[in-house]
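Since the structure comes first, as structure tokens, the remarks are kept for the end.
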Amino acid sequence: MTRPALVPSIASARLQGLPPLTAPHTRVLVLGSFPSVKSLQQQQYYAHPQNHFWRIVQALWPQAPWPEGPDYERRCACLLALGVGLWDVYATCEREGSLDSAILHAQLNDFPSLLQHSPHLRAIAHNGGESFRHAPAVEKSLAPAVGAGRITLHRLPSTSPANAAWTFEQKLTAWRVVLTP
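Every letter in the sequence shown is one number past the one before it in our numbering, and letter 139, counting from 1, is 139.
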């Protein structure tokens with residue numbers, strides 16, 4: 001019996017993440033791992049329609065002037081007005097598909113530069129386990145602020161549709177603890 005020939009794998013293309021969505025008055029940074037394929041295609045954070053992120057923040061702040069429908073720019077403006085920013089742990093990586101488990105050769109974002117743009121940052125909310133896995137590296141890069149107790153780090157359940165073990169209501173409850181004053 002002959003064995004099939006091994007086909008060399010083709011390396012994934014290097015993917016570039018999205019720029020940070022922050023403002024000088026950002027108090028809480030939601031830190032994901034890396035944008036999904038859909039988010040990269042649309043150049044929008046949490047663009048997958050089954051991702052619970054936008055539903056969660058709208059449920060937490062129902063009085064905010066959220067746009068009717070999927071107006072991404074207005075959603076972002078509303079989120080920033082609430083003092084919440086968005087970014088990812090990884091600046092670049094190789095990955096096929098959208099699963100965190102498929103991420104290869106990732107490069108971390110430049111977190112110290114974040115403090116220059118958002119000097120009022122008080123908390124980092126890691127959106128899921130892959131993001132939180134790098135909490136020690138994020139903490140080290142922000143050591144003066146974290147060590148002084150100025151910035152706290154939190155692990156939250158992923159809002160991704162891949163996190164089917166948590167219901168929307170469970171995710172909302174966990175997120176409420178960190179995101180609402």
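Cβ atoms here follow ideal geometry from the backbone N, Cα and C, with glycine treated the same way.
Counting pairs of beta carbons, one from the stretch 115-126 and one from the stretch 55-63, are three or more of them closer than 8 Å? no
At which residue ranges does the stretch 86-152 contain complete alpha helix (DSSP H) runs of 4 or more residues, listed in the order of the chain? 111-117, 129-132, 135-141, 143-147
Cutting at 7 Å between CB atoms, please list the residues of its own chain near K38, excluding the five before and the five after it. A47, H48
What would DSSP say about R27, mapped onto helix, strand or coil? coil
Between R150, I103, P144, S160, which has its C-alpha nearest H126's C-alpha? S160
Taking the C-alpha atoms as reference points, what is the distance between L104 and C93? 6 Å
Quick test of your reading: R150 and F132, contact by CB under 8 Å. State the CB separation rounded to the nearest angstrom. Not quite, the Cβ-Cβ distance comes to about 19 Å (not below 8 Å), so this is no contact.
Less than 8 Å between C-beta atoms, sequence neighbours within five positions excluded: which residues of the same chain meet that for Q107? Y90, A91, T92, C93
DSSP puts H154 in a beta bridge; with which residues? A125
Grouping DSSP H, G and I as helix and E and B as strand, with all else coil, what is L40? helix
D88 to P67 span [Cα, whole Å]: 24 Å
Using a threshold of 7 Å, state whether the C-beta atoms of H25 and F168 are closer than that. no
Given I124, which residues of its chain have a CB within under 6 Å of its CB, disregarding the five upstream and five downstream residues? L29, L31, L153
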